[in-house]
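Protein chains: 2
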Amino acid sequence: MSLKYSILGLLQYRDMHGYQIKKTIENQFGHMWTINYGQIYPNLKKLKDEGLVTMIEDANHGEKGPSRKMYSITGKGNQVFLEWLESLPEKNMILRDPFLMRFVFFGFGDKKRSIEIVDDQINLYKAQMKKRRENLERLQHHDIYVRLMAELGVSMNELLLEWLERSRKEIGKSMKDPTASSSRRLWRENGV
Amino acid sequence: MSLKYSILGLLQYRDMHGYQIKKTIENQFGHMWTINYGQIYPNLKKLKDEGLVTMIEDANHGEKGPSRKMYSITGKGNQVFLEWLESLPEKNMILRDPFLMRFVFFGFGDKKRSIEIVDDQINLYKAQMKKRRENLERLQHHDIYVRLMAELGVSMNELLLEWLERSRKEIGKSMKDPTASSSRRLWRENGV
DNA sequence: CCTCTCATGTAAGACGTTACATGATTCA
DNA sequence: TGAATCATGTAACGTCTTACATGAGAGG
């Protein structure tokens, strides 16, 4: 997996603790990824065992808030990171979306309900859009790679919103036009 | 998970066997999803045990090729499917991409190598684009939902290609311009 | 006072991938 | 003759999610 390497990548910028790693991946990279502690902490432990990072208990932080464990990348970690960075990605993009999985089958359900669900998605992406635009503004003078990633996040969001609005209209149209829904049979006959 | 429900959805169109279900999900829905037999067959078994589908050994197929097991949706399966279809999606879109995960860290590696890896992605999406456009053409008179999904697949592909080409140029620019790479420090100071 | 954010972790279970086994047919 | 496609399945392994436990500080 690449989480391991992403952690090593973040530690190139500076030493970090687990909580910070999660926040950075989720908020700095275009708001495109999610990760949970169940992945972060075991991975940090493993990286430490493999000698790719070292851990420093953050003693002078102990007074206020919970104890922090800062991680630093080692020479070996650096080497492993660079090897990964320059290798070709093992896999293609993976996309999973419970909404889109439903969407394909909306022809079998109630149109009004479909529109409600689409509207829900529109609101979701509008909220996300706000975050992503703010994030992009904040990154204006940063590392071009991080900035480009943030731009991709915004562009994808825009595309999705336009597509959702268009889909909403087409569903509305098909509610009034009785001939539009008869195409199900064609697919049936077409084979796979 | 939604694979279970996607299978029920496909069985709304017509009876299918496992192999066919895989092909349909991969090729009919915008070439956006992948699935493997390790998911399909256990899921079919489970659906059968739950009484949501029934299995008919395809006897009159036995002469040529391996034995087929056709699955039909039951009344109960139909009911469960419709409940799922009209419920709100449990989760947001999940995107994972080993390429994008590398991309954010290209500032730490060799620029020439980065461009090679970007070029590789461009070729990959160009090939995918061809498939997706053909798929869309084939679906011209089909179910609007399936068609809209295919359109989304093409649009996303286009967006990704444009973004990759632009990124390629920007990496090239940053190779010549020494001031462009100094922004790493800013992020460091910015906190998380 | 209550909620949010900060901070670390584990255990169980769900989900997904890879690799293997098997074998016929079709097409170049 | 060899590769691709059709067809079904399992076992082992890896990854991811969810739920839990714990506790302090900040701000409204």
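For the record, the sequence lines run as chains G and Y. Under the working numbering, think of the first position of the first sequence as 2, with each following residue one higher. Under the working numbering, think of the first position of the second sequence as 2, with each following residue one higher. Note that CB positions come from ideal geometry on N, CA and C, so glycine has one too. In this text, all values refer to a predicted model and were calculated from it rather than measured experimentally.
Check: Between the segment 93-121 of chain Y and chain G, which residues of the former have CB atoms less than 8 Å from a CB of the latter, in chain order?; Outcome: N93, M94, I95, L96, R97, D98, P99, F100, L101, M102, R103, F104, V105, F106, F107, G108, F109, G110, D111, R114, I118 and D121
Check: Answer yes or no: does any C-beta atom of chain Y fall closer than 8 Å to that of V147 of chain G?; Outcome: yes
Check: Quick check on the burial criterion: 16 or more other C-beta atoms within 10 angstroms. Buried or exposed for D98 of chain Y?; Outcome: buried
Check: How is S73 of chain Y classed by DSSP in three states: helix, strand or coil?; Outcome: strand
Check: Return the residue from the list G:E27, G:V105 and G:I57 that minimises the CA-CA distance to G154 of chain G.; Outcome: G:E27
Check: So, at 8 Å on beta carbons, what are the nonlocal neighbours of L12 of chain G in its own chain, with the 5 sequence-adjacent residues on each side left out?; Outcome: V54, Y72, S73, I74 and G78
Check: With a threshold of 16 other CB atoms inside 10 Å of the CB of Y126 of chain Y, please say whether the residue is buried or exposed.; Outcome: buried
Check: Looking only at DSSP bridge pairs, what is V54 of chain G linked to?; Outcome: G:I74
Check: Does the segment 111-128 of chain Y come close enough to the segment 161-171 of chain Y to have 3 or more Cβ pairs within less than 8 Å?; Outcome: yes
Check: Is there a C-beta anywhere in chain G that falls below 8 Å from the one on D144 of chain Y?; Outcome: yes
Check: Using a Cβ-Cβ cut-off of 8 Å, state whether L83 of chain G counts as contacting chain Y.; Outcome: yes
Check: Is the beta carbon of Q40 of chain G less than 8 Å from the beta carbon of L4 of chain G?; Outcome: yes
Check: Is P90 of chain G close to chain Y, meaning its C-beta is less than 8 Å from at least one C-beta of that chain?; Outcome: yes
Check: Suppose you measure from the CA of Q21 of chain Y to the CA of L86 of chain Y; what does that come to, to the nearest Å?; Outcome: 22 Å
Check: Any residues in the segment 19-52 of chain Y with a beta carbon nearer than 8 Å to a beta carbon of chain G? Which ones, in chain order?; Outcome: Q21, K24, T25, N28, Q29, F30, M33, W34 and T35
Check: Can you tell me the Cα-Cα spacing of H143 of chain G and L160 of chain G, whole angstroms?; Outcome: 25 Å
Check: Can you pull the chain G neighbours of G10 of chain Y, defined as C-beta to C-beta under 9 Å?; Outcome: M102, R103, V105, F106 and F109
Check: Can you tell me the Cα-Cα spacing of K70 of chain G and L45 of chain G, whole angstroms?; Outcome: 10 Å
Check: DSSP has M17 of chain Y in a bridge; who is on the other side?; Outcome: Y:Y72
Check: Quick one: using the 10 Å Cβ neighbour count with 16 as the cut-off for buried, is G31 of chain G buried or exposed?; Outcome: buried
Check: From Y:K113, Y:M94, Y:F109 and Y:R134, pick the residue whose C-alpha is nearest to that of Q29 of chain Y; which is it?; Outcome: Y:R134
Check: Note down the Cα distance separating K131 of chain Y from S68 of chain Y, rounded to an integer number of angstroms.; Outcome: 34 Å
Check: What residues are listed by DSSP as bridge partners for L96 of chain Y?; Outcome: G:L96
Check: Quick one: using the 10 Å Cβ neighbour count with 16 as the cut-off for buried, is G108 of chain G buried or exposed?; Outcome: buried
Check: Please check if any C-beta of chain G sits within less than 8 Å of the C-beta of M176 of chain Y.; Outcome: no
Check: For Q141 of chain Y, collect the residues of the same chain with a Cβ closer than 8 Å to its Cβ; drop the 5 residues on either side in sequence, then sort them by chain order.; Outcome: R148
Check: Using a Cβ-Cβ cut-off of 8 Å, state whether M130 of chain G counts as contacting chain Y.; Outcome: no
Check: If I follow the unbroken alpha helix (DSSP H) through G31 of chain Y, where does it start and stop?; Outcome: Taken as a continuous stretch (DSSP letters only), G31 of chain Y belongs to no alpha helix (DSSP H), as it is neither H nor E.
Check: Smallest Cα separation from L101 of chain Y: which of Y:K92, Y:L89 and Y:V119?; Outcome: Y:V119
Check: Tell me the DSSP secondary structure of M2 of chain G in three-state form.; Outcome: coil
Check: For E64 of chain Y, decide whether its Cβ has a neighbour in chain G, counting only Cβ atoms nearer than 8 Å.; Outcome: Because E64 of chain Y carries a pLDDT of 46, less than 50, the predicted location of this residue cannot be relied on, and the following value inherits that uncertainty. No - not a single Cβ of chain G is within 8 Å of the one on E64 of chain Y.
Check: Using a Cβ cut-off of 8 Å (strictly closer), state whether E166 of chain Y contacts chain G.; Outcome: no
Check: For P90 of chain Y, which of helix, strand or coil comes out of DSSP?; Outcome: coil
Check: From Y6 of chain G to S115 of chain Y, what does the alpha carbon distance come to, in whole angstroms?; Outcome: 16 Å
Check: Is V119 of chain Y helix, strand or coil when you go by DSSP?; Outcome: helix
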